[in-house]
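Trainee: Quick one: this structure, given as structure tokens, is what I'll be asking you about.
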Amino acid sequence: MPKELIIVNQYFSWECTIYHLLKSVLYDTSQKNGVMDKLIDFLKKKRPEIKLYADASQIEDYIYRLYNYTPSIAESLANKILDRRMYLRAYHACRPTDIKSYYENGIIPLNEKYIRDYFNQKDYPDIIEEKLASAIKFIKDGGTRFGKIYFVINPEIICKRNSNYLKKGSESLSFIAYRCNVRLQQEGQRPTFFVCNVPVLSIPTPLLEEISAVMLNIMFRHILEQEVNWAEFNRAFYIDKQLSKENIVDHFEA
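See below:
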């Protein structure tokens, strides 16, 4: 296990680390000591009327009221996390045909070779090359899924809210099958989550900032003794490179 691993839905595993990183952020941006303590005192006094949003904007507003400046705390916290080269526990949902290959090769972003290997002539003898090439080009040009691996930080939300995704499998492969007038073969493919430790250096900065805002919000809700609805705090993100096999911890069926 990496030395510094963030498991978002295990608050007490990262509470101290994020608290001290935020304290450092507030000092760096204000050049004043005690900003964190004063902010907490202020929030506790106003506790009955405070309902935190799922981002960091409200916390920034309270800092402005106290010190007449607005730090971008989610962005600054994300930079601190990047500097420490931490890892984020996340879950990749799929319907694998060969689980062993994930542990041998890691998780590979959707690419043209994978698509062509999947829609091979043996399994899909009726597929027409022109239609396959056209479908691949369409997905490439769209850019949403091609070349990316998607993760969530709370797999329970996917199971409860997006069961169709796990039932139908890859939207991209389903789309290609539709464009090529073939039926997607899914025999033996079980809806599966791979448990991963994703290097934060692989996560696009704006997405890491969203996750940082989630952790800030959870932390302040704990400080104010407010209920944390974990369903509110699920986030999805992607990386645009292969995830090494060393970063796959486990897997389980959904």
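Residue numbers (numbering that gives the first Met the number 0): 0 to 253. Ideal Cβ placement from N, Cα and C applies to all residues, glycine included. Bear in mind that the values here come from a model prediction, so they are computed numbers and not experimental data.
When you compare each of Tyr86, Tyr10, Ala73 and Ala235 to Arg144 by their alpha carbons, which one comes out closest?
Mentor: Numbered from 1 along the sequence shown, position 145 holds the residue referred to as residue 144. Checking every option, the nearest Cα to that of Arg144 belongs to Ala235.
Trainee: Measure the C-alpha to C-alpha separation of Ser100 and Gln188 and round it to an integer number of angstroms.
Mentor: Within the sequence shown, numbered from 1, the residue matching residue 100 stands at position 101. Within the sequence shown, numbered from 1, the residue matching residue 188 stands at position 189. Taking the straight line from one Cα to the other gives about 14 angstroms.
Trainee: Can you tell which of Asn8, Leu65, Ser12 and Glu48 has the C-alpha that lies nearest to the C-alpha of Gly33?
Mentor: By 1-based counting over the sequence shown, the position of residue 33 is 34. Considering only alpha carbons, the answer is Leu65.
Trainee: For Pro70, count the other beta carbons within 10 Å of its own beta carbon; 16 or more makes it buried, fewer makes it exposed. Which is it?
Mentor: Within the sequence shown, the letter at position 71 stands for residue 70. So Pro70 ends up on the buried side.
Trainee: Given this structure, state the Cα-to-Cα distance separating Phe232 from Val213, to the nearest angstrom.
Mentor: Sequence index remark: in the sequence shown, residue 232 carries index 233 (1-based). Sequence index remark: in the sequence shown, residue 213 carries index 214 (1-based). Each residue's Cα considered, the two are about 6 angstroms apart.
Trainee: Since Ala134 contacts Arg178 with CB under 8 angstroms, what's their CB separation in whole angstroms?
Mentor: Stepping through the sequence shown from its first residue, residue 134 is reached at position 135. Stepping through the sequence shown from its first residue, residue 178 is reached at position 179. At roughly 4 angstroms, the Cβ-Cβ gap stays under 8 angstroms, so Ala134 and Arg178 are in contact.
Trainee: What are the uninterrupted segments assigned as beta strand (DSSP E) that are 3 or more residues long and contained completely in the stretch 75–157, given in chain order?
Mentor: Complete beta strand (DSSP E) runs here, min 3: 86–93 and 148–151.
Trainee: If you follow the beta strand (DSSP E) that Val194 is in, where does it begin and where does it stop?
Mentor: Along the sequence shown, read from residue 1 onward, the residue named residue 194 stands at position 195. First-last of the beta strand (DSSP E) with Val194: Thr191 to Pro198.
Trainee: Between the Cα of Ile80 and those of Glu252, Phe219, Glu226 and Leu207, spot the shortest distance and give me the residue it belongs to.
Mentor: Start at 1 with the first residue of the sequence shown, and residue 80 comes out as number 81. Of Glu252, Phe219, Glu226 and Leu207, the residue nearest in Cα terms is Leu207.
Trainee: Could you tell me the distance, in whole angstroms, from the CA atom of Ala176 to the CA atom of Val227?
Mentor: Working through the sequence shown from its first residue, we reach residue 176 at position 177. Working through the sequence shown from its first residue, we reach residue 227 at position 228. Going by the C-alpha atoms only, they are around 41 angstroms apart.
Trainee: Quick check on DSSP: helix, strand or coil for Val248?
Mentor: The count along the sequence shown starts at 1 and reaches residue 248 at position 249. Note: Val248 maps to strand in three-state DSSP.
Trainee: Identify the residues that DSSP records as bridge partners of Phe236: which are they?
Mentor: By 1-based counting over the sequence shown, the position of residue 236 is 237. For Phe236, which the question treats as bridged, DSSP gives the partners Phe150.
Trainee: Could you check where the alpha helix (DSSP H) with Val24 kicks off and where it finishes?
Mentor: For the purposes of this step, residue 24 is taken as the residue at position 25 of the sequence shown. Counting along the chain, the alpha helix (DSSP H) containing Val24 begins and ends at Tyr10 to Ser29.
Trainee: Just to confirm my understanding: we take Ile58, look at its own chain, exclude 5 residues before and 5 after, and list those with CB closer than 7 angstroms. What are they?
Mentor: Residue mapping note: residue 58 aligns to position 59 of the sequence shown, counting from 1. Excluding positions up to five away in sequence, the list reads Ile72, Leu215 and Phe219.
Trainee: Would you call the stretch 2–22 in contact with the stretch 82–92, where contact means no fewer than 3 C-beta pairs closer than 8 angstroms?
Mentor: Yes: at least three Cβ pairs fall under 8 angstroms.
Trainee: Nearest CA to the CA of Arg84: which residue from Ile217, Thr204, Leu42 and Glu14?
Mentor: The residue given as residue 84 occupies position 85 in the sequence shown. Arg84 has its Cα closest to that of Thr204, out of Ile217, Thr204, Leu42 and Glu14.
Trainee: At the level of alpha carbons, what is the spacing between Phe137 and Leu109?
Mentor: By 1-based counting over the sequence shown, the position of residue 137 is 138. By 1-based counting over the sequence shown, the position of residue 109 is 110. Cα to Cα, Phe137 sits roughly 14 angstroms from Leu109.
Trainee: Is Ile5 buried or exposed, if buried means 16 or more other CB atoms sit within 10 Å of its CB?
Mentor: Position 6 of the sequence shown, counted from the first residue, corresponds to residue 5. Counting Cβ neighbours within 10 Å, Ile5 comes out buried, since at least 16 surround it.
Trainee: Would you tell me roughly how many angstroms separate the C-alpha atoms of Glu111 and Lys147, rounded to the nearest one?
Mentor: Residue mapping note: residue 111 aligns to position 112 of the sequence shown, counting from 1. Residue mapping note: residue 147 aligns to position 148 of the sequence shown, counting from 1. So the two alpha carbons sit approximately 12 angstroms from each other.
Trainee: Could you tell me the alpha carbon to alpha carbon distance between Glu155 and His221, rounded to whole angstroms?
Mentor: For this step, residue 155 is matched to residue 156 along the sequence shown. For this step, residue 221 is matched to residue 222 along the sequence shown. Taking the straight line from one Cα to the other gives about 21 angstroms.
Trainee: Taking the alpha helix (DSSP H) that Pro205 belongs to, which residues open and close that run?
Mentor: Reading the sequence shown from its first residue, position 206 is the one you call residue 205. Thr204 to Ile222 is the span of the alpha helix (DSSP H), which, as asked, contains Pro205.
Trainee: Where does Leu4 fall in DSSP's three states?
Mentor: Working through the sequence shown from its first residue, we reach residue 4 at position 5. Note: Leu4 maps to strand in three-state DSSP.
Trainee: Which value, in whole angstroms, describes the spacing of the CA atoms of Asp122 and Cys93?
Mentor: Translated into the one-based positions of the sequence shown, residue 122 becomes position 123. Translated into the one-based positions of the sequence shown, residue 93 becomes position 94. So the alpha carbons of these two residues sit roughly 20 angstroms apart.
Trainee: What are the start and end residues of each continuous alpha helix (DSSP H) run of 4 or more residues lying completely inside the stretch 29–71, in chain order?
Mentor: You should have 34–44 and 56–66.
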